[in-house]
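Engineer: Please read through the structure below; I'll follow up with questions.
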Amino acid sequence: MRPSTEPQPLATPVDLAPDPVIRFQNVSKNWGSNQVLKSLNFEVAPGEKVSIIGPSGSGKTTILRILMTLETPSEGLVKVDGDVLWDVTAGQKVRETRQMRETRRKIGMVFQQFNLFPHMTAMENVIEAPIHVLGMDKAEAKARAADLLNLVGLGKHMNHTPPQMSGGQQQRVAIARALAMRPKVLLFDEPTSALDPELIGEVLNVIRNLAHTTDMTMLMVTHEMRFAEEISDRVVMFDNGAAVESGPPAQIFKDPQQERTRTFLRAVLQH
Amino acid sequence: MIWDNNFAVSVIPLLLEGLWVTVRITLLGTLLAAVLGIFFAILRRLAIPVLSPAVSFFVVFIRGTPLLVQAYCAFFVLPAYGISFDAFTTGVVVIGVNYSAYMAEVYRSGIQGVPKGQWEAATALSLPGARTWSRIILPQAIRTVVPMLGNYLIQMFKDSAVLSAITVVELMATAQAIGSSSFRYLEPLTLAALLFLAISYPASRLVNRLERRYAPQH
Amino acid sequence: MSAVIEYAPLLWQGLLTTILVTVLSGALCLVVAFTAGLARLSSHRIISWPAGVFIEVFRGTSLLVQMFWLFFALPFFGIQLHPLTAAVLALGLNEGAYAAEVVRGAIASRAKGQTEACIALGMEPALRLRRIIIPQSIPAMLPPFGNVMVDLLKNTSLVSLVTVADLTFRAQMIRSSTGQTTAIFITILVMYFVLSYLLTLLTSWLERRYALDRKALAAQRKESQLMKVGAA
Numbered sequence: 107m108r109p110s111t112e113p114q115p116l117a118t119p120v121d122l123a124p125d126p127v128i129r130f131q132n133v134s135k136n137w138g139s140n141q142v143l144k145s146l147n148f149e150v151a152p153g154e155k156v157s158i159i160g161p162s163g164s165g166k167t168t169i170l171r172i173l174m175t176l177e178t179p180s181e182g183l184v185k186v187d188g189d190v191l192w193d194v195t196a197g198q199k200v201r202e203t204r205q206m207r208e209t210r211r212k213i214g215m216v217f218q219q220f221n222l223f224p225h226m227t228a229m230e231n232v233i234e235a236p237i238h239v240l241g242m243d244k245a246e247a248k249a250r251a252a253d254l255l256n257l258v259g260l261g262k263h264m265n266h267t268p269p270q271m272s273g274g275q276q277q278r279v280a281i282a283r284a285l286a287m288r289p290k291v292l293l294f295d296e297p298t299s300a301l302d303p304e305l306i307g308e309v310l311n312v313i314r315n316l317a318h319t320t321d322m323t324m325l326m327v328t329h330e331m332r333f334a335e336e337i338s339d340r341v342v343m344f345d346n347g348a349a350v351e352s353g354p355p356a357q358i359f360k361d362p363q364q365e366r367t368r369t370f371l372r373a374v375l376q377h
Numbered sequence: 107m108i109w110d111n112n113f114a115v116s117v118i119p120l121l122l123e124g125l126w127v128t129v130r131i132t133l134l135g136t137l138l139a140a141v142l143g144i145f146f147a148i149l150r151r152l153a154i155p156v157l158s159p160a161v162s163f164f165v166v167f168i169r170g171t172p173l174l175v176q177a178y179c180a181f182f183v184l185p186a187y188g189i190s191f192d193a194f195t196t197g198v199v200v201i202g203v204n205y206s207a208y209m210a211e212v213y214r215s216g217i218q219g220v221p222k223g224q225w226e227a228a229t230a231l232s233l234p235g236a237r238t239w240s241r242i243i244l245p246q247a248i249r250t251v252v253p254m255l256g257n258y259l260i261q262m263f264k265d266s267a268v269l270s271a272i273t274v275v276e277l278m279a280t281a282q283a284i285g286s287s288s289f290r291y292l293e294p295l296t297l298a299a300l301l302f303l304a305i306s307y308p309a310s311r312l313v314n315r316l317e318r319r320y321a322p323q324h
Numbered sequence: 050m051s052a053v054i055e056y057a058p059l060l061w062q063g064l065l066t067t068i069l070v071t072v073l074s075g076a077l078c079l080v081v082a083f084t085a086g087l088a089r090l091s092s093h094r095i096i097s098w099p100a101g102v103f104i105e106v107f108r109g110t111s112l113l114v115q116m117f118w119l120f121f122a123l124p125f126f127g128i129q130l131h132p133l134t135a136a137v138l139a140l141g142l143n144e145g146a147y148a149a150e151v152v153r154g155a156i157a158s159r160a161k162g163q164t165e166a167c168i169a170l171g172m173e174p175a176l177r178l179r180r181i182i183i184p185q186s187i188p189a190m191l192p193p194f195g196n197v198m199v200d201l202l203k204n205t206s207l208v209s210l211v212t213v214a215d216l217t218f219r220a221q222m223i224r225s226s227t228g229q230t231t232a233i234f235i236t237i238l239v240m241y242f243v244l245s246y247l248l249t250l251l252t253s254w255l256e257r258r259y260a261l262d263r264k265a266l267a268a269q270r271k272e273s274q275l276m277k278v279g280a281a
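Chains as they are written, first to last, in my numbering: chain Z, 107 to 377; chain X, 107 to 324; chain R, 50 to 281.
Below, the structure is given as structure tokens:
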């Protein structure tokens, strides 16, 4: 027998996937008789950049809104970073719990309509929640906000209010505002859909930068196919309340396996 | 027992008489206000030198001064110049003129809301001015202001209590008279309040419904 | 006009009382408006229902009936209010009920996205209201609040009927002792008119002051001044 001078290497499992940061388990969402999500199972790994594509009304946005607790699932389990966000059995009446509030702190969201606070300047928008929710010192919050506004290219617009800014600028402030809460997961709900075509680029640049330089988990619903292809680790095709197909962008865009994905991509990539 | 039920029941007939006077004042006052209001609105819109600004000032002045003081003026000042009516008529005229100033504003916004194309179409058809007003503009303007008129009717119903100060024997004055003659104010005043509520609450519900029905159709 | 000049000190006192009643009941009106208006919006029925009853009762009955009730009927419960107290209470509660509907309407009509953004930033309901929703709703509330305040000012004349010695009360006194009806009443009509005009001016100044982007304009002015100073 050989003396074991070196520590024995532990048996490595073949498939060591890290624990998912987002997990949907049998999640359904009904609007009356209309089933928006059909018993969805869906996971996102830490640091993963995932784009969700698909026709309107396919339930894409509902996933983000359930994660942000803006909508209540009709049934199912949702976990974020190991903590339960939703645990709903069918027909149960759900109330907001402390656990839910704590858990959703890990998530930030960028809205299609920006939803900036119109009575506050860009700076005030960004420091509001860090000061009043995280209890951050005002000077520190301001310094960080200045960094973030510089990061999104708006260092010169800190004292402007939303009505004085273009849509692209507003959306960049909204991104800075979400980042100021240091979320583990950042949700983008069609972040460029409300923008004039010439303003889309500046917002995509900011998001691209984030995707390349941070290890934040990003989950994005988008109609910008080329952009999704470029920045995503994984693309999920949604239709009729279910994930039809999921895979690396190269596969989804170049070699889709499902007929439904092919028709959809043909329709949106035509022009 | 603070509340004397027998006494309360015994004063109900008197209070209902008072309520009937209040209702008559309100209906007549609203009628007067609705008609005068249209005239004020049209006069302001026509931009006649001197007259239109005078009407505008009158409207603003009425809206900027208390109904009670206006009532005192009509009750004490006018007779000094040989103009005198009985209290009821004075009350109707005072509250009608007061509300006409508010209704003039309502009509004005209603008239402004009629699309410019309606005026242009009337001109293109060579409709005379009076015809344009009576058949084209006012019917459309009034349609949108019906719910507002309803709101003012309910408001006038409650405001008419002020006229008790110039000896109009309506609901409020009746309650007060019962109180001062019997030294029991609780029952008549509470019943008067309930009677006001019993009419104005359902009425405002009804007006809310009208508001939805008459909402501008686009 | 001689009576007006002779009795000017009395009218002046009456004017001060009118202003006092307006300020006191105006303050009460604002407190009532926000308390009842916000309570009306609560999702808990135990809170919203009483607020609803309060608003409907005070809007559904006459101000004068309420004032007389507080002054003449409340003593039957062993509570005798000072005339001024009864007057201010009635005015504040009555106009407050109207203003509560203004508060409720302005807040209920805020864009849903604002609340969603607050949730996404982890802001609790109380913080949302205090920092985001109410400040945003103020500009929309100001014009109707201005109307309520002008109404309140005009309705202070009713306090003369519960023996508060306001402008109208003094005018009645002077009228009965001098008989110079016309001059006295024209004078106080003009005084009331000037007061309501001043209130309208105050409201529109506040509207400009609290317009949404004004703060930013002020900040920019400061900024450009600093730059000028820096350049010089």
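A virtual CB, placed ideally from N, CA and C, is assigned to each residue, including glycine.
Keep in mind it's a predicted model, so treat the numbers as computed, not measured.
Can you pull the chain R neighbours of residue 221(Z), defined as C-beta to C-beta under 7 Å?
Structural biologist: Residue mapping note: residue 221(Z) aligns to position 115 of the first sequence, counting from 1. Those are 162, 163, 165, 166, listed as they occur along chain R.
Engineer: Which residues in chain X sit within 7 Å of residue 224(R), going by Cβ to Cβ distance?
Structural biologist: Residue 224(R) sits at position 175 when you count from the first residue of the third sequence. Neighbours of residue 224(R) on chain X, chain order: 182.
Engineer: Taking the beta strand (DSSP E) that residue 344(Z) belongs to, which residues open and close that run?
Structural biologist: Residue mapping note: residue 344(Z) aligns to position 238 of the first sequence, counting from 1. Segment 340–345, the beta strand (DSSP E) holding residue 344(Z).
Engineer: Given residue 285(X), which residues of its chain have a CB within under 7 Å of its CB, disregarding the five upstream and five downstream residues?
Structural biologist: In the second sequence, the residue the question calls residue 285(X) occupies position 179. Only 291, 294, 295 meet the Cβ criterion.
Engineer: Please report the straight-line C-alpha distance between residue 99(R) and residue 175(R), rounded to a whole angstrom.
Structural biologist: Translated into the one-based positions of the third sequence, residue 99(R) becomes position 50. Translated into the one-based positions of the third sequence, residue 175(R) becomes position 126. Cα to Cα, residue 99(R) sits roughly 20 Å from residue 175(R).
Engineer: Beta carbons nearer than 7 Å to chain R: which residues of the segment 345–376 of chain Z have them?
Structural biologist: Answer set for the segment 345–376 of chain Z: empty.
Engineer: Could you say which of 94(R), 178(R), 215(R) lies nearest to residue 240(R) if we only look at CA atoms?
Structural biologist: Counted from its first residue, the third sequence places residue 240(R) at position 191. For residue 240(R), the nearest C-alpha among the options comes from 215(R).
Engineer: What is the rounded straight-line gap between the Cα of residue 375(Z) and the Cα of residue 128(Z)?
Structural biologist: The sequence position of residue 375(Z) within the first sequence is 269, counting from 1. The sequence position of residue 128(Z) within the first sequence is 22, counting from 1. Distance between the alpha carbons of residue 375(Z) and residue 128(Z): 30 Å.
Engineer: Give the straight-line distance between the Cα atoms of residue 243(X) and residue 220(X), rounded to the nearest whole angstrom.
Structural biologist: The count along the second sequence starts at 1 and reaches residue 243(X) at position 137. The count along the second sequence starts at 1 and reaches residue 220(X) at position 114. Whole-angstrom Cα-Cα distance: 7 Å.
Engineer: Taking only the alpha-carbon atoms, compute the straight-line gap between residue 51(R) and residue 176(X) and give it to the nearest angstrom.
Structural biologist: Taking the first residue of the third sequence as 1, we reach residue 51(R) at position 2. Taking the first residue of the second sequence as 1, we reach residue 176(X) at position 70. If you take the alpha carbons of residue 51(R) and residue 176(X), they lie about 22 Å apart.
Engineer: Give a yes or no on whether the minimum CB-CB distance between residue 261(Z) and chain R is below 9 Å.
Structural biologist: As a working mapping, residue 261(Z) is identified with position 155 in the first sequence. No, no contact with chain R.
Engineer: Under 7 Å Cβ-Cβ, which residues of chain X neighbour residue 52(R)?
Structural biologist: Within the third sequence, residue 52(R) is the residue found at index 3, counting from 1. Under the 7 Å cutoff, chain X gives no residues; its nearest Cβ is about 13 Å from residue 52(R).
Engineer: Would you say the segment 127–146 of chain X touches the segment 203–223 of chain X, given that touching needs at least three Cβ pairs under 8 Å?
Structural biologist: Taking 8 Å as the limit for Cβ pairs, the verdict is that the segment 203–223 of chain X does touch the segment 127–146 of chain X.
Engineer: May I ask which residues mark the beginning and end of the alpha helix (DSSP H) holding residue 165(R)?
Structural biologist: The residue you call residue 165(R) lines up with position 116 of the third sequence. Residue 165(R) -> alpha helix (DSSP H) spans 161–169.
Engineer: Residue 278(X) versus chain R: which residues are under 9 Å apart at the beta carbon?
Structural biologist: Residue 278(X) sits at position 172 when you count from the first residue of the second sequence. Per Cβ cutoff of 9 Å: 111, 113, 114, 117.
Engineer: Out of 329(Z), 327(Z), 350(Z), 321(Z), state which residue places its alpha-carbon closest to the alpha-carbon of residue 154(Z).
Structural biologist: Sequence index remark: in the first sequence, residue 154(Z) carries index 48 (1-based). Closest option to residue 154(Z), Cα to Cα, is 321(Z).
Engineer: Determine, using beta carbons only, whether residue 52(X) and residue 129(X) come nearer to each other than 9 Å.
Structural biologist: Residue 52(X) cannot be examined here, being either before or after the span of chain X that is shown, 107 to 324.
Engineer: Tell me which same chain residues have a C-beta within less than 7 Å of the C-beta of residue 191(R), skipping the five on either side of it?
Structural biologist: Taking the third sequence and counting its residues from 1, one reaches residue 191(R) at position 142. Excluding positions up to five away in sequence, the list reads 252, 255, 256, 259.
Engineer: How should residue 289(X) be labelled, buried or exposed, when 16 other C-beta atoms within 10 angstroms of its C-beta is the threshold for buried?
Structural biologist: Here residue 289(X) corresponds to residue number 183 of the second sequence, with the count starting at 1. Flag for residue 289(X) reads exposed.
Engineer: Taking its Cβ as the centre, do 16 or more other Cβ atoms sit within 10 Å of residue 245(Z), making it buried, or is it exposed?
Structural biologist: Working through the first sequence from its first residue, we reach residue 245(Z) at position 139. Exposed is the call here.
Engineer: By how many angstroms is the C-alpha of residue 204(R) removed from the C-alpha of residue 75(R)?
Structural biologist: As a position in the third sequence, residue 75(R) is number 26, starting the count at 1. As a position in the third sequence, residue 204(R) is number 155, starting the count at 1. Residue 75(R) and residue 204(R): Cα-Cα distance of roughly 11 Å.
Engineer: Rounded to whole angstroms, what's the CA-CA distance from residue 137(Z) to residue 178(R)? Just pull it up for me.
Structural biologist: On the first sequence, residue 137(Z) is found 31 positions in, with the first residue counted as 1. On the third sequence, residue 178(R) is found 129 positions in, with the first residue counted as 1. Roughly 29 Å separates the two Cα atoms.
Engineer: Comparing alpha-carbon positions, which option in 281(X), 205(X), 190(X), 108(X) lies nearest residue 127(R)?
Structural biologist: On the third sequence, position 78 is the one that residue 127(R) refers to. Ranking 281(X), 205(X), 190(X), 108(X) by Cα distance to residue 127(R) puts 108(X) first.
Engineer: If we cut at 9 Å on Cβ distances, does residue 280(R) have a partner in chain Z?
Structural biologist: As a first step, residue 280(R) must be located in the third sequence, where it is residue number 231. Per-residue confidence for residue 280(R) stands at a pLDDT of 46, beneath the threshold of 50, marking its modelled position as unreliable; the derived number appears in the next sentence. Judged by the 9 Å Cβ criterion, residue 280(R) is not in contact with chain Z.
Engineer: Taking residue 211(Z) as the query, report the chain R residues whose CB atoms sit under 9 Å from its CB, ordered along the chain.
Structural biologist: Within the first sequence, the letter at position 105 stands for residue 211(Z). Per Cβ cutoff of 9 Å: 171.
Engineer: Note down, in chain order, every chain X residue with its Cβ under 7 Å from the Cβ of residue 122(R).
Structural biologist: Indexing the third sequence from 1 puts residue 122(R) at position 73. Simply 291, 292, 295, 296.
Engineer: Count the other CB atoms, across all protein chains shown, that sit within 10 Å of the CB of residue 270(X); report buried if there are 16 or more and exposed otherwise.
Structural biologist: Reading the second sequence from its first residue, position 164 is the one you call residue 270(X). Residue 270(X) should be labelled buried.
Engineer: Leaving out five residues on either side along the sequence, give the residues of the same chain with a beta carbon under 7 Å from the beta carbon of residue 218(R).
Structural biologist: Here residue 218(R) refers to the residue found at position 169 of the third sequence. If we look at residue 218(R) and ignore the five residues flanking it on each side, its Cβ neighbours are 63, 209.
Engineer: Can you tell me whether residue 125(X) is buried or exposed, with buried defined as 16 or more other CB within 10 angstroms of its CB?
Structural biologist: Along the second sequence, read from residue 1 onward, the residue named residue 125(X) stands at position 19. So residue 125(X) ends up on the buried side.
Engineer: Strictly below 8 Å CB to CB, what residues from chain Z border residue 185(R)?
Structural biologist: For the purposes of this step, residue 185(R) is identified with residue 136 of the third sequence, where counting begins at 1. Those are 223, 224, 225, listed as they occur along chain Z.
Engineer: Candidates 237(X), 254(X), 133(X), 180(X): which alpha carbon is nearest residue 231(R)'s?
Structural biologist: Indexing the third sequence from 1 puts residue 231(R) at position 182. When only C-alpha atoms are compared, the closest one is 180(X).
Engineer: Any idea if residue 239(X) is buried or exposed, counting beta-carbon neighbours within 10 angstroms, 16 or more meaning buried?
Structural biologist: Translated into positions along the second sequence, residue 239(X) becomes position 133. Residue 239(X) comes out buried.
Engineer: Establish whether the CB of residue 128(R) and some CB of chain Z are separated by less than 9 Å.
Structural biologist: Reading the third sequence from its first residue, position 79 is the one you call residue 128(R). Chain Z contact via Cβ: absent.
Engineer: Comparing the C-beta of residue 72(R) with each C-beta of chain X, is any distance below 9 Å?
Structural biologist: Against the third sequence, residue 72(R) aligns to sequence position 23. Not closer than 9 Å to any Cβ of chain X, the Cβ of residue 72(R) fails to qualify, so no.
Engineer: At the level of alpha carbons, what is the spacing between residue 211(R) and residue 183(X)?
Structural biologist: Position 162 of the third sequence holds residue 211(R). Position 77 of the second sequence holds residue 183(X). The alpha-carbon atoms of residue 211(R) and residue 183(X) are separated by roughly 23 Å.
Engineer: So what's residue 218(X) in DSSP terms, helix, strand or just coil?
Structural biologist: Indexing the second sequence from 1 puts residue 218(X) at position 112. Residue state, collapsed to three classes: helix.
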